[in-house]
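J.:
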Amino acid sequence: MPPPQAYAAEIIQRTMILILQGCYKLLSRLSISSQAHGQTSQVFRDDGTYQPGPSTDFNAFDLSGEHGVAPASIVFGDKAVQIRDWRIRQVHPKLLSVTNENGNVSRIYRSDGTVYDNFEDSSGYINEDLGEPTCAYLTSSFLQLGDWRYGEMGGHLSITHRDGKTGPHSHHNAWTLVDGEVLAGTKEGCHEDYLPIGDWRIARTCETCSFSRLIISSQAHGQTSQVFRNDGTYQPGPQTDFNAFDLTGS
-18 MPPPQAYAAE
-8 IIQRTMILIL
2 QGCYKLLSRL
12 SISSQAHGQT
22 SQVFRDDGTY
32 QPGPSTDFNA
42 FDLSGEHGVA
52 PASIVFGDKA
62 VQIRDWRIRQ
72 VHPKLLSVTN
82 ENGNVSRIYR
92 SDGTVYDNFE
102 DSSGYINEDL
112 GEPTCAYLTS
122 SFLQLGDWRY
132 GEMGGHLSIT
142 HRDGKTGPHS
152 HHNAWTLVDG
162 EVLAGTKEGC
172 HEDYLPIGDW
182 RIARTCETCS
192 FSRLIISSQA
202 HGQTSQVFRN
212 DGTYQPGPQT
222 DFNAFDLTGS
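In this text, residue positions in the sequence shown follow the numbering used here: the first is -18, and each later residue adds one.
Set out below in structure tokens:
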């Protein structure tokens, strides 16, 4: 049986909300469309601008003829996915960018829920190499790229950071979706900062603080039992700071 990557385009269609590219006239476009209602919610253009929806043109479910995208056009990388000349990439644990290969950044999502336009410093092509596939994968309900998820939530396409922000909101959180079978890409490298053990986590945190810490925390009660510091000392619990289930400061 061929590997699931060979059917990446069809697999993404089954999620009902499709992220694919259409090349029309002189501009390359990345469109986000819903199959259920035939509507396009947003179109990113390679000049760094975007067209808001709703609209029915440049629909990702109408990719007939020369504008179609073959499965080989979709490639997973290091916390990234590339769709022909477009790249969606976690450029920093707190930043996700949508970039065309010409260097224009159509969208930048930040973990605090804010959204920005064309900042070259956040380009997904600053590092030209897409990298080996690492924590970039597709399930039947979401696409995960590092600490970010594109998920289908009751007719919505939600772009959510692991910290829980979906735009300026916290509802339609794609991190509440069940982590299912990997249909394309890989989960390898997704837990590089922590080790889950049942209801517990052992996590590395606060690398940018004065001390690097290794913490042991329970999710059930939100308590940290012990914190080890890289100066050889430790802090006993119980405590709620430096919690392994809240790595926002790491």
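Positions of the beta carbon are idealized from the N, C-alpha and C atoms, including for glycine.
Taking only three categories from DSSP, how would you classify Ser54?
T.: helix
J.: Looking only at its own chain, which residues have a Cβ that is under 8 Å from the Cβ of Gly203, when we skip the five neighbours before and after it?
T.: Only Thr221, Asn224 and Phe226 meet the Cβ criterion.
J.: Please work out which residues of its chain come closer than 8 Å, Cβ to Cβ, to Gly84, disregarding the five sequence neighbours upstream and downstream, and give them in chain order.
T.: Glu101, Ser104 and Tyr106
J.: Can you check DSSP and say which residues form a bridge with Ser193?
T.: Partner(s): none; Ser193 has no beta bridge.
J.: Going by Cα to Cα distance, which pick from Pro149, Arg130, Val24 and Gly148 is closest to Trp156?
T.: Of all alpha-carbon atoms in Pro149, Arg130, Val24 and Gly148, the one lying nearest the alpha-carbon of Trp156 is that of Arg130.
J.: Mind reading off the beta-carbon distance from Gln207 to Gly218? Whole number of angstroms is fine, and I expect it under 8 Å.
T.: 6 Å
J.: For Ala(-13), does the three-state DSSP call read helix, strand or coil?
T.: Note that Ala(-13) scores a pLDDT of 43, beneath 50, so its modelled location is shaky and nothing firm can be said.
J.: Excluding the five sequence neighbours on either side, which residues of its own chain have a C-beta within less than 8 Å of the C-beta of Gly145, listed in chain order?
T.: In chain order, Ser151, Asn154 and Trp156 place their CB closer than 8 Å to the CB of Gly145, counting only its own chain and leaving out the 5 sequence neighbours on each side.
J.: So, are the CB atoms of Val86 and Asn99 less than 7 Å apart?
T.: Remark: C-beta atoms of Val86 and Asn99 approach each other more closely than 7 Å.
J.: State the beta-bridge partners of Glu133 as determined by DSSP.
T.: Leu138
J.: How big is the Cα-Cα spacing for Ile196 and Leu119?
T.: 30 Å
J.: Which same chain residues, not among the five before or five after Pro177, have their C-beta less than 7 Å away from its C-beta?
T.: none
J.: Is it buried or exposed for Gly161, if we count other Cβ within 10 angstroms and need 16 for buried?
T.: Per the 10 Å Cβ criterion, exposed.
J.: Provide the residue(s) that pair with Ser97 in DSSP beta bridges, ordered along the chain.
T.: Before going further, note that residue 97 is Tyr rather than Ser in the sequence given. Within the DSSP secondary-structure output, Tyr97 pairs in a beta bridge with Ile89.
J.: If you count every other CB in all the chains shown that lies within 10 Å of the CB of Asp180, and 16 or more means buried, which is it?
T.: exposed
J.: To the nearest angstrom, report how far apart Glu133 and Ser139 are at their CA atoms.
T.: 6 Å
J.: Starting from Gly166, follow its DSSP beta bridges and name the residues at the other end.
T.: Bridge partners of Gly166 according to DSSP: Tyr118.
J.: Is the Cβ-Cβ distance between Gly166 and Phe57 less than 7 Å?
T.: yes
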